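Reviewing the structure listed below.
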Amino acid sequence: MSGGRKKDFDIEVALQSAMHVFWEKGYIGASLANLTERMGINKPSLYSTFGNKEALFIQATKRYCENKSESLAKLLTAEDLSLKQRLRNYMIAVLSVQCESEQGKGCYVVQCQSEVASGEIPEKASMLLTQAGEAVKDLLTATLTNDQEAKTLGLSDDAEKNALCLSATLRGTATLARCGYSMSDLESVIEHSLNGIGFDDCEKERTEYS
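Numbering (my numbering), first residue to last: -9 to 200.
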């Protein structure tokens, strides 16, 4: 006997399409009709393959985090670059994703997390969004806490506050990108934010003592 009817669609492509629907419309705004139309499948196929809407959302969110967030994190540990350059490269790369995506501007996580306070997102999906929303701050906190140059510059002393400042900047640029601001409009915001946590003062001191 056959092991079951072969699926007539690519699961990975369908999941990618679902991710873009949630990115554009958020969890609440993405209807099953929106999802199935973009995914190219019917409702029975969605339920049998991915589960319900929440299960699909969780899979799409994890896919976004794996494909976007984790790959960008490597920029923070690049060799032979200063800490400021590594942080700038990371933040500019995030900004590029926010501004240049054809399917959805801004940030998938920021877009969907803004709906959590409504109470209309199921608990497991809400918890995942909270964790994903903290991931950037946690990553930057770890970098500023453990990096030797950060310790030398004194930036590790307030690592969590500095990381919150930088992550808040990226949340802000995500919102502005969704409102139509271009990457060229927002690049200076990144520079001001980096200077704001102390790099500007450090560079002035280096100049004075050189």
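We treat Cβ as the ideally placed atom computed from N, Cα and C, and that holds for glycine.
Because the structure is a prediction, the values reported are computed rather than measured.
- Message: Using the Cβ count rule (16 or more neighbours within 10 Å means buried), how would you classify residue 31?
- Response: buried
- Message: What would DSSP say about residue 32, mapped onto helix, strand or coil?
- Response: coil
- Nearest-angstrom Cα separation, counted from residue 181 out to residue 174: 12 Å
- Query: Is it a yes or a no for the region 125 to 135 touching the region 152 to 164, going by three-plus beta-carbon pairs under 8 Å?
  - Reply: yes
- Task: Alpha carbon to alpha carbon, how far is residue 73 from residue 177? Give it in angstroms, no decimals.
- Result: 18 Å
- Please confirm whether residue 115 and residue 17 have their CB atoms less than 8 Å apart. yes
- Using three-state DSSP, classify residue 174 as helix, strand or coil. helix
- Message: Assuming contact is defined by CB atoms lying nearer than 8 Å, are residue 65 and residue 54 in contact in what I supplied?
- Response: no
- Query: Exposed or buried, what is residue 169 when buried is set at 16 or more other beta-carbons lying within 10 Å of its beta-carbon?
  - Reply: exposed
- Task: In the DSSP assignment, find the alpha helix (DSSP H) that holds residue 82 and state where it starts and stops.
- Result: 73 to 90
- Query: If you run the structure through DSSP and keep just helix, strand and coil, what is residue 111?
  - Reply: coil
- Would you please state the rounded distance, in angstroms, between the beta carbons of residue 59 and residue 8? I believe it to be under 8 Å. Not a contact, Cβ separation roughly 18 Å.
- Put residue 128 into one of helix, strand or coil per three-state DSSP. helix
- Going by CA-CA distance only, name the one from 186, 85, -1, 187 that's closest to residue 166. 85
- Query: Is the closest heavy atom of the ligand PLP to the C-beta of residue 40 under 7 Å?
  - Reply: Inclusion of the ligand PLP in the displayed structure is not the case, the ligand content being empty and no account of it being possible.
- Going by alpha carbons, who is nearest to residue 89 out of 160, 2, 1, 186? 160
- Item | residue 97 beta carbon less than 8 Å from that of residue 12 | no
- Is the Cβ-Cβ distance between residue 188 and residue 143 less than 8 Å? yes
- Query: Do residue 22 and residue 15 come within 8 Å of each other at the CB atom, strictly closer than that value?
  - Reply: no
- Item | For residue 129 and residue -8, the rounded distance between their alpha carbons | The predicted model places residue -8 with a pLDDT of 42, which falls under 50 and marks its position as unreliable, so this point remains unresolved.
- Between 94, 38, 186, which lies nearest to residue 6 when the distance is taken from Cα to Cα? 94
- Message: Short of 8 Å in beta carbon distance, which residues of its chain neighbour residue 108, apart from the five on each side in sequence? Order them along the chain.
- Response: 18
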